[in-house]
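The next block holds one structure in the form of structure tokens; read it before the comments.
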Amino acid sequence: MARVLYLGGLGRSGTTLVERLLGELPSVCALGEIVHLWQRDIRDDERCGCGARFSACTFWKRVGERAFGHWGNVDVERVRSLRDVVERTRHIPRLAGAQLPPAQLADVREYAAFYTRVYSAAAAVSGAQVVVDSSKHSALAHVLRWADDLDLRVVHVVRDARGVAYSWTKTVARPETDGGDEMTRYSPGRSALLWNAHNAAFGLLARRGVPVHRIRYEQLLTDPRAALRALADYAGVPATDADLTFLGDGYADLRVGHSAAGNPMRFSVGRLPLRRDDAWVRALPSGQRRLVGAVCAPMLRAYGYPLNPAQVSQEA
30 MARVLYLGGL
40 GRSGTTLVER
50 LLGELPSVCA
60 LGEIVHLWQR
70 DIRDDERCGC
80 GARFSACTFW
90 KRVGERAFGH
100 WGNVDVERVR
110 SLRDVVERTR
120 HIPRLAGAQL
130 PPAQLADVRE
140 YAAFYTRVYS
150 AAAAVSGAQV
160 VVDSSKHSAL
170 AHVLRWADDL
180 DLRVVHVVRD
190 ARGVAYSWTK
200 TVARPETDGG
210 DEMTRYSPGR
220 SALLWNAHNA
230 AFGLLARRGV
240 PVHRIRYEQL
250 LTDPRAALRA
260 LADYAGVPAT
270 DADLTFLGDG
280 YADLRVGHSA
290 AGNPMRFSVG
300 RLPLRRDDAW
310 VRALPSGQRR
320 LVGAVCAPML
330 RAYGYPLNPA
340 QVSQEA
């Protein structure tokens with residue numbers, strides 16, 4: 030049974046950074062956003078975090094052979110069809126129920142099985158005790174809850190909604206497409222609604238008995254060493270002083286990884302600065318800042334965020 034640490038939350042909340050830091054631990058293998066593996070990697074042959082095309086990456090070749098005999102044996106159209114049927118935000122209320130109708134349960138478990146085969150194969154190939162999937166999607170986490178052969182532990186990564194909204198307005202290129210594509214952009218109002226919905230969905234998952242550990246992005250950057258120790262303890266893997274030597278004062282030294290998809294940070298190798306990014310306090314227009322703050326106020330308070338931007342600046 031594969032032990033999976035599933036990183037969840039709305040995009041631009043810091044999940045890629047959490048994944049990269051976890052991936053430096055000797056007992057952990059970081060896989061990236063597996064939700065995109067079927068299209069972007071198997072079908073489109075985009076670049077792995079190591080820089081090689083997916084089809085040329087030795088690690089992923091071995092995973093594909095162990096999981097499916099060969100990646101060419103994966104019915105990508107079937108995966109996409111099942112995703113449309115079971116892995117959508119609108120399906121979460123049913124997925125969060127105590128039971129599912131037999132036909133729906135069969136679809137959910139068939140879809141989840143594609144993921145569990147990848148997780149188990151990656152654990153075997155890497156020799157890791159835990160694999161990390163940073164797919165983020167709340168609906169996928171609810172689907173994986175129904176898998177029979179999976180030790181699922183969720184890390185709910187939260188960032189101040191106003192910082193997330195500002196990040197979604199930026200133009201960010203996708204290096205894996207060799208400059209031919211950009212990451213999705215959302216308006217502040219749209220990202221505020223998504224922030225509420227996705228974070229609430231992870232709260233619901235916890236109430237359904239799935240282990241969920243919440244970490245704030247800002248908390249991670251305030252004390253990365255303590256945050257990583259807590260995450261390792263939650264995952265059930267060691268994090269000794271020797272294991273954490275890659276963390277310095279305000280930086281992390283990163284090795285080459287094999288993240289299948291995700292934020293451009295997955296390509297970073299060498300010294301990565303670790304510092305809070307509260308540029309939104311100054312750069313997000315006041316009207317948009319107030320809009321996001323008003324829409325997300327109840328959950329911002331619940332997560333311990335001050336509603337007054339001036340207090341955010343003081344904390345930083």
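Sequential numbering of the sequence shown, starting at 30, is according to my numbering. Each residue gets a CB set at the ideal place from its N, CA and C atoms; glycine is no exception.
Contact check, residue i vs residue j, beta carbons under 9 Å
i           : j           : result
residue 143 : residue 179 : no
residue 93  : residue 152 : no
residue 187 : residue 35  : no
residue 80  : residue 296 : yes
residue 170 : residue 181 : yes
residue 115 : residue 133 : yes
residue 163 : residue 59  : yes
residue 47  : residue 260 : yes
residue 103 : residue 225 : no
Given residue i as reference, the closest of the options once Cα atoms are compared
i           : options               : result
residue 140 : 172, 154 and 240      : 172
residue 158 : 134, 57 and 200       : 57
residue 77  : 286, 220 and 321      : 286
residue 239 : 41, 55 and 125        : 125
residue 234 : 190, 175 and 50       : 175
residue 294 : 62, 32 and 226        : 62
residue 194 : 316, 30 and 91        : 316
residue 277 : 255, 261, 260 and 122 : 255
residue 138 : 177, 340, 98 and 47   : 177
residue 128 : 268, 237, 74 and 257  : 237
residue 49  : 299, 307, 328 and 308 : 299
residue 340 : 101, 307 and 183      : 307
residue 156 : 54, 248, 269 and 327  : 54
residue 101 : 74, 120 and 113       : 74
residue 328 : 136, 130, 223 and 118 : 223
residue 113 : 266, 136 and 331      : 136
Cβ separation of residue i and residue j, assumed to be a contact under 8 Å, to the nearest whole Å
i           : j           : result
residue 263 : residue 242 : 5 Å
residue 310 : residue 335 : At roughly 11 Å, the Cβ-Cβ gap does not stay under 8 Å, so residue 310 and residue 335 are not in contact.
residue 154 : residue 91  : 5 Å
Beta-carbon proximity list for residue i, same chain, < 6 Å, skipping 5 on both sides
i           : result
residue 70  : 83 and 289
residue 318 : 191
residue 41  : 193, 196 and 197
residue 123 : none
residue 258 : 268
residue 118 : 168
residue 96  : 146, 147 and 150
residue 88  : 287
Cut-off 8 Å between Cβ atoms - residues of its own chain near residue i, not counting five sequence neighbours on either side
i           : result
residue 333 : 245
residue 320 : 217, 218 and 221
residue 105 : 67, 68, 71 and 72
residue 38  : 44, 165, 185, 186, 187, 188, 227, 228 and 231
residue 326 : 336
residue 253 : 50, 276, 281 and 303
residue 199 : 214
Beta-carbon contacts of residue i that lie in its chain and below 7 Å, excluding the five residues immediately before and after
i           : result
residue 301 : 280, 281 and 283
residue 292 : 45
residue 250 : 303, 304 and 305
residue 31  : 145, 148, 149, 152, 160, 179 and 180
residue 86  : 77, 79 and 287
residue 312 : 195
residue 99  : 93
residue 120 : 168
residue 314 : none
Minimum Cβ-Cβ distance from residue i to chain C less than 9 Å
i           : result
residue 321 : Note that chain C does not occur in the displayed structure, where there is just one protein chain.
Quiz item: Would you say the region 270 to 278 touches the region 57 to 71, given that touching needs at least three Cβ pairs under 8 Å?
Solution: no
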